[in-house]
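Numbering (this note's numbering), first residue to last: 1287 to 1342.
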């Protein structure tokens, strides 16, 4: 079975909660995140090892 790819929009508390749930699953890869605040997106990406970060 192939993994589902997920993108997180909003890197605050709810986005982090979703990311933790996705990371607990062997069936999901988080491939991108988006947040209008550059530092929030970059910190999220570093913490969860997300390869792509978008601001829009």
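Cβ coordinates follow ideal geometry from the N, Cα and C atoms, glycine included. All values reported here derive from a predicted model rather than from experimental measurement.
Helix, strand or coil: which one does DSSP assign to residue i?
i: residue 1320; result: strand
i: residue 1310; result: coil
i: residue 1325; result: helix
i: residue 1293; result: strand
Judging by CA-CA distance, which residue of the options is the nearest neighbour of residue i?
i: residue 1318; options: 1332, 1300, 1288; result: 1332
i: residue 1311; options: 1300, 1323, 1292; result: 1292
Can you round the beta-carbon distance between residue i and residue j to whole angstroms, since I take them to be within the 8 Å contact cut?
i: residue 1313; j: residue 1290; result: 6 Å
i: residue 1327; j: residue 1341; result: 6 Å
For residue i, which residues in the same chain have their Cβ closer than 8 Å to its Cβ, ignoring the five residues on either side in sequence?
i: residue 1287; result: 1313
For residue i, which residues from the same chain have a beta carbon less than 6 Å from its beta carbon, with the 5 sequence-adjacent residues on both sides left out?
i: residue 1297; result: 1319, 1321, 1326, 1327, 1330
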